[in-house]
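Novice: Numbering (this note's numbering), first residue to last: 63 to 514.
Using N, Cα and C, we set each Cβ at its ideal position, and we do this for glycine too.
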Amino acid sequence: MLNIKKFIPVLFLVLSAAFIFCGCGKDRSADAKALCEIFCEDVKSGDPAKILAYYDYGAITEEELKNLISPEGLNSEEASFIETIKDSTTYSVGEPVYDSKTKTAVVDVSWHQGDYSSEEAMNAVTALDFVKAVADGADMVTGVAVKVDLTGEVARIMNPDETVKAVYSYTSLDYGIMPGLLSDYYIDGNWVLAPKGVYSNVKEIGLRLNFSDELPGFRFVPGIIYTVARGDDIIFVSDVIRVEESSIRLDFNTDMSDSDVLNEDGFLKAGKYTVMVFDEHSKDICSFDCEVQTESIEKDIIEFEDHKKDYYLSNLIYEIKDSDLMANSYVFMSGWWDYDGTSVGRSAFASNTKTIGFSVAVSSSDETELYYDYYYSEKSDFKDVNETEPLYSGSCKPSLYQDQSCYDFDFAPEEMKPGFYGLVVYKDRSKKQIAFTAACIVVEETSKDVIG
């Protein structure tokens, strides 16, 4: 039979002890820390629906939270700015300080984010530069005291707004990042040196684009990509070009395509050319058409002055016929080059010479390819040569040396016969437009016989 008298006092003592432990003096710091860790992870995730659960009903809407954490209407650069900082965000939760009287706890949380206000981050030109600067730089630390209410059966965050606003403060900052699309700042464009969009016998076409004057003041301005098509065939796609000024020029020339873009005279082939311009995210900016026309060119006549042998010995014999080459060349550094140490005059070589060549010193920015022929004659006026049968043909671009950039029009025959050698340099592959001529003599004697 159950001893009721003994059971009742024991039950009373157990319930009394439980009341004293739980209701009057239990330290619930562990509950506070556990809740705070879950809260911080939800805040870091940026999920508005999860974060909303920590707010009092009606204190904020899910839409308002969404706009605070990840605003709408951002372009790629603005979104990259926000994502970079969000991805760099971490936190560490401290030990709670529990107040048994108020049954609340305060938990200090340290939020770490890449320092987006560092000098490197602020000087970043592109979004990619910014990502690297934040990743490589030190962290900025923000401390937030999270208050936890433990008076009820379920613990509750008392001040969620302080943490959310501290962690996501960067979404409302104005760091000068370009808003909208690059096309929003485009004004107009025009063909360079062809106001009506018609070119004739050209090796280059150019399109100048004009943007709003405020564009260079923004950060993270996306670059430009442009394509060039002749008819329906795309013949060139550019790399990304940074927009650093309100006006930018986009060129296409004969050296910028692997396609066969030249006619027999060395000019761009006739036809309709279309330049389409996009930002680096493939968003359309503009499109322009031009017409390239070609006209037949008469071949220049090869002419050499008639000089005596002693004139070749004492003078440099050459003539620049092209104004562009003249403007870019350094005459005082140009001349016949003595490869073998067998030169016997300004425009003369001994018969034991292996290589003759005229070097034209030019600006290092000159990369135009030139074409050349060598002719041989027993007479200094070259009247007996057949222009259609040169002794040697070649082409070259400038070679960059330690202190100079030079065209080297070289010739190394199997046999260097004494006589006169004429060099003709052309601007075009069809060899109609003469840019330069020069002449030299190879004497009967060897350099040993001449120099002694």
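Buried or exposed: where does V302 fall if 16 or more other Cβ atoms within 10 Å of its Cβ makes it buried?
Specialist: Under this definition V302 is an exposed residue.
Novice: Taking the beta strand (DSSP E) that Y288 falls in, what are its first and last residues?
Specialist: I286 to R292 is the extent of the beta strand (DSSP E) around Y288.
Novice: Looking only at its own chain, which residues have a Cβ that is under 7 Å from the Cβ of V105, when we skip the five neighbours before and after it?
Specialist: For V105, where only same-chain residues beyond five positions count, the Cβ hits under 7 Å are I113, T225, V226 and V229.
Novice: Alpha carbon to alpha carbon, what distance is there between D236 and D351?
Specialist: If I take the Cα positions, the gap works out to 39 Å.
Novice: Inspect the beta-carbon positions of T151 and W173 and report whether they are closer than 9 Å.
Specialist: For T151 and W173, yes; Cβs fall inside 9 Å.
Novice: Here's a check: name, in chain order, each residue in its chain whose Cβ is nearer than 7 Å to the Cβ of V155, leaving out the five neighbours to either side.
Specialist: Only K95, C98, E99, C102, V169 and V171 meet the Cβ criterion.
Novice: Since S245 and D346 are thought to touch, with beta carbons under 8 Å apart, how far apart are those beta carbons, to the nearest angstrom?
Specialist: Yes, they are in contact, since the Cβ atoms of S245 and D346 sit about 7 Å apart, within 8 Å.
Novice: By DSSP's criteria, D349 is part of a beta bridge. Which residues make up the other side?
Specialist: The sequence as given places Ser at residue 349; Asp does not occur at that position. DSSP output for S349 lists M338 as bridge partner(s).
Novice: Cα separation between A500 and Q466?
Specialist: A500 and Q466: Cα-Cα distance of roughly 21 Å.
Novice: Hey, S308 and N272 are a contact pair by Cβ (cut 8 Å); roughly how many whole angstroms apart?
Specialist: Confirmed, about 7 Å.
Novice: Rank G333, D294, E326 and M338 by C-alpha distance to the C-alpha of D313 and give the top, closest one.
Specialist: Here the closest residue by C-alpha is M338.
Novice: Tell me which same chain residues have a C-beta within less than 8 Å of the C-beta of G268, skipping the five on either side of it?
Specialist: Contacts found: W253, V254, L255, R311, L312, D313 and F314.
Novice: Given this structure, state the Cα-to-Cα distance separating D490 from Y483, to the nearest angstrom.
Specialist: Whole-angstrom Cα-Cα distance: 22 Å.
Novice: Note down, in chain order, each residue of its chain lying with its Cβ closer than 6 Å to the Cβ of V299, except the 5 sequence neighbours on either side.
Specialist: The residues are T289.
Novice: Consult DSSP for N315 and reduce its assignment to one of helix, strand or coil.
Specialist: Here N315 sits in strand by DSSP.
Novice: What's the C-alpha gap between K493 and S376?
Specialist: Answer to the nearest angstrom: the Cα atoms are 30 Å apart.
Novice: Threshold first: 3 residues or longer. Then list the beta strand (DSSP E) segments lying entirely within the region 449-479, N to C.
Specialist: With a minimum length of 3 residues, the continuous beta strand (DSSP E) runs that stay inside the region 449-479 are 454-458 and 467-473.
Novice: Short of 7 Å in beta carbon distance, which residues of its chain neighbour S107, apart from the five on each side in sequence? Order them along the chain.
Specialist: So no residue of the chain qualifies.
Novice: Thinking C-alpha only, which one of E507, V354 and I296 is nearest L330?
Specialist: It is V354.
Novice: Report back the beta-carbon spacing between V487 and F411 to the nearest angstrom; my notes put them in contact at under 8 Å.
Specialist: Not a contact, Cβ separation roughly 19 Å.
Novice: For D384, which residues in the same chain have their Cβ closer than 8 Å to its Cβ, ignoring the five residues on either side in sequence?
Specialist: Only K489, Q495, I496, A497 and F498 meet the Cβ criterion.
Novice: Could you tell me the alpha carbon to alpha carbon distance between K416 and Y469, rounded to whole angstroms?
Specialist: Distance between the alpha carbons of K416 and Y469 is about 19 Å.
Novice: Quick one: what does DSSP say S308 is sitting in, helix, strand or coil?
Specialist: Looking at S308 - three-state DSSP - the assignment turns out to be coil, as it is neither helix nor strand.
Novice: Can you tell which of M318, W398, E306 and K371 has the C-alpha that lies nearest to the C-alpha of E381?
Specialist: Of the listed residues, the one whose Cα sits closest to E381 is W398.
Novice: With distance defined between alpha-carbon atoms, name the residue in Y232, D161, D201 and A197 nearest to D211.
Specialist: Cα-wise, what sits closest to D211 is D161.
Novice: Measure the C-alpha to C-alpha separation of E365 and E449 and round it to an integer number of angstroms.
Specialist: Taking the straight line from one Cα to the other gives about 10 Å.
Novice: Just list the residues that DSSP pairs R281 with in beta bridges.
Specialist: Its beta-bridge partners are I239.
Novice: Could one say the Cβ of D223 lies closer than 9 Å to chain B's Cβ atoms, at least one of them?
Specialist: Included in the structure is just one protein chain, with no chain B present.
Novice: Please state whether the Cβ-Cβ distance between A111 and E124 is less than 9 Å.
Specialist: Yes, the pair counts as a contact, with Cβ atoms nearer than the cut-off.
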